[in-house]
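Start counting the sequence shown at 1; every next residue gets the next number (the UniProt record's numbering).
C-beta: ideal position from N, C-alpha, C; glycine also.
Reading through the C-alpha cells given below for one structure.
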Amino acid sequence: MAEIPERKKRRMGDRRGMETKHPTTSTKWPLIKSKQNLQITRLKDTDLFTVQNFFTSAESKAFIKAAESIGFVHQGSLGPTKGEAYRDNDRISVNDPVLAETIWKSGVHKLFSDIKIRGKVAVGLN
C-alpha cells in the first residue's frame, strides 16, 4: 500500500501543494471587539463597499494566523477574458454562521441599516 505524504499547511503567498480544506465551525476564530463610529465607502456606483479599520491591528494579525492554520488554496485562471484583468491568487473560503453573526453584530449591521440594494436591506452576512 502506498504511503500518503504529509501535507504542509500553506501560508498566505505560498503556492501549490495543498488541496482544498473546508473549514468548519470548529475553527477557533479570534474575538472581535464591538466597533463604534465605523464608516463605509461605496466603490463607485456599484453595490460594493469597504469598511476602513474594521479590524484592529491585533485582530487582523489573529485572523491571518487563524486562516493560515487552515491553509490557502491556489485560485488561478487560464487568462483574462476580454475586458478583464488576469487573476491569480490564494484564497480561503469559510462557511461559519457563528463567525458571520459575530462580525455582523460587532458593528457592521449599523452601517447597512439604511442602505437598500434593489429594494432590500441586508440582515446579516454569509
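Gly-107 in three-state terms, based on DSSP: helix
Can you tell me where the beta strand (DSSP E) holding Ile-64 begins and where it ends? Run containing Ile-64: none in the beta strand (DSSP E); it sits in the alpha helix (DSSP H), 57-70.
Is Phe-54 closer than 8 Å to Lys-35 when the C-beta atoms are compared? yes
Evaluate Leu-99 with the Cβ neighbour count: other Cβ atoms within 10 Å of its Cβ, from every protein chain shown; 16 or more gives buried, anything less gives exposed. buried
In angstroms with no decimal places, state the Cα-to-Cα distance between Ala-66 and Thr-46. 31 Å
Under the rule that 16 or more other beta-carbon atoms within 10 Å means buried, what is Gly-71, buried or exposed? buried
Please report the residue range of the beta strand (DSSP E) in which Ile-32 lies. Neither: Ile-32 is in no beta strand (DSSP E) and is coded neither H nor E.
Counted within 10 angstroms of its Cβ, other Cβ atoms place Ile-103 as buried (16 or more) or exposed: buried
CA-to-CA distance, Val-73 to Arg-7, given in whole angstroms: Bear in mind that a pLDDT of 48 at Arg-7, under 50, signals an unreliable position, so the number given afterwards is only what the model happens to contain. Answer to the nearest angstrom: the Cα atoms are 13 Å apart.
Supposed close pair Phe-63, Pro-97 - CB separation, criterion 8 Å: Not confirmed; about 17 Å, so no contact.
Could you give the distance in angstroms between the alpha-carbon of Leu-125 and the alpha-carbon of Gly-83? 30 Å
The ligand FMN and Lys-33: does the residue's C-beta get closer than 7 Å to at least one heavy atom of that ligand? The ligand FMN is not part of this structure, which contains no ligands at all.
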